[in-house]
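In my numbering, the protein residues as written are 657 to 852. Note that CB positions come from ideal geometry on N, CA and C, so glycine has one too. Okay, so here's the structure we're looking at.
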């Protein structure tokens with residue numbers, strides 16, 4: 657065998673080895689990327705389910721469908737700072753709708769005036785929730801955000817599995833428009849409560 661033929665075979669073997677190494681490296685990178693997408697999908701789905709469930713529970717309370725109905729007779733209100741965010745805490749007697757005393761010194765985050773009465777629902781595990789349009793719109797918007805997060809997680813999971821899928825972009829646009837509308841209505845409700 658000539659040295660020229662040996663060099664040719666050696667170069668061919670080196671090219672083949674480099675090709676195999678590149679393929680192996682690309683395969684590992686694809687697997688790593690797929691795992692990243694799968695973990696992101698799992699986190700998005702779990703977070704979306706938790707947010708949707710919690711917001712749904714609070715929404716049923718704000719609509720008056722769950723929990724113990726009651727009224728908070730506001731004795732005093734004060735603005736306190738919670739993580740550099742001012743919130744209004746109202747204290748007073750919490751009575752059930754039948755007039756039975758539930759708590760003598762109940763605290764509720766609400767915008768109310770001393771001497772007024774606020775309709776509330778005592779929710780199991782989460783505390784009191786005010787009734788009214790502000791609470792309904794706020795929790796409904798959070799629930800839509802949770803649904804959007806679950807939908808995003810499902811899209812990420814389908815993308816991680818490298819399956820071809822088609823998602824109608826109109827669905828996402830409608831969902832985002834509903835979230836934006838809910839946020840706008842919530843903001844207007846808060847503004848009306850502060851003004852009137």
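Using DSSP bridges, identify the partner residues of residue i.
i: residue 743; result: 736
i: residue 725; result: 777
i: residue 730; result: 748
i: residue 784; result: 778
Can you check whether the CB of residue j is closer than 8 Å to the CB of residue i?
i: residue 703; j: residue 805; result: yes
i: residue 799; j: residue 715; result: yes
i: residue 753; j: residue 766; result: no
i: residue 749; j: residue 734; result: no
i: residue 713; j: residue 774; result: no
i: residue 717; j: residue 777; result: yes
i: residue 723; j: residue 779; result: yes
By alpha-carbon positions, which one of the options ends up nearest to residue i?
i: residue 817; options: 679, 689 and 660; result: 689
i: residue 838; options: 746, 683 and 796; result: 796
i: residue 813; options: 693, 825 and 771; result: 693
i: residue 842; options: 810, 747, 791 and 808; result: 791
i: residue 756; options: 726, 732 and 778; result: 726
i: residue 771; options: 684, 718, 724 and 747; result: 747
i: residue 847; options: 836, 665 and 789; result: 789
i: residue 793; options: 711, 681 and 782; result: 711
What is the rounded straight-line gap between the Cα of residue i and the Cα of residue j?
i: residue 700; j: residue 830; result: 20 Å
i: residue 840; j: residue 696; result: 29 Å
i: residue 668; j: residue 675; result: 10 Å
i: residue 673; j: residue 679; result: 10 Å
i: residue 706; j: residue 802; result: 8 Å
i: residue 809; j: residue 698; result: 7 Å
Following the continuous beta strand (DSSP E) through residue i, name the residue where it begins and the one where it ends.
i: residue 757; result: 757-765
Terminal residues of the continuous alpha helix (DSSP H) containing residue i?
i: residue 719; result: Residue 719 -> no alpha helix (DSSP H), and no H or E assigned at all.
i: residue 754; result: Run containing residue 754: none; DSSP gives neither H nor E here.
i: residue 789; result: 789-816
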